[in-house]
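Numbering (the working numbering), first residue to last: 1112 to 1242.
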């Protein structure tokens, strides 16, 4: 009987909807549209930015073979980079289960910049292209 009560209480906690907030990003809940939908059947709150450790790696025509890392927390990293607001910006984002360190990401960035499709910003979890 005690086991049934313990399960009921834990399930009640999951039904009640939780929320987590991160500076600069805002708040997220485990309710629709973030979970409980056909696209996201398993509920859960997003990991912290520190755990995800998103990195933005910038490729431009000035630095086609090596990236410049841009910090979302430090505007100086953007100002000291080859980023130009006059150019179009594109992001290449790898899949959730990948680490973002696969060679196809940097190869795609280099090809896009070389073809002058756009310059590219990238992150180990996201790649950005702009021109």
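Note that CB positions come from ideal geometry on N, CA and C, so glycine has one too.
- The residue among 1164, 1170, 1158 with its C-alpha nearest the C-alpha of residue 1217 is 1170.
- In this structure, residue 1137 keeps its C-beta atom at 9 angstroms or more from the C-beta atom of residue 1146.
- The beta carbon of residue 1193 sits closer than 7 angstroms to those of 1169, 1171, 1173, 1174, 1179, all from its chain and outside the five residues before and after it, given in chain order.
- About 7 angstroms separates the CB atoms of residue 1167 and residue 1183; that is less than 8 angstroms, so the two are in contact.
- Inclusion of residue 1129 and residue 1140 in the CB contact set at 9 angstroms is warranted, their separation being smaller than that value.
- Classified as exposed, residue 1163 has fewer than 16 neighbouring CB atoms from the shown chains inside 10 Å of its CB.
- Rounded to whole angstroms, the separation of the alpha carbons of residue 1133 and residue 1159 is 7 angstroms.
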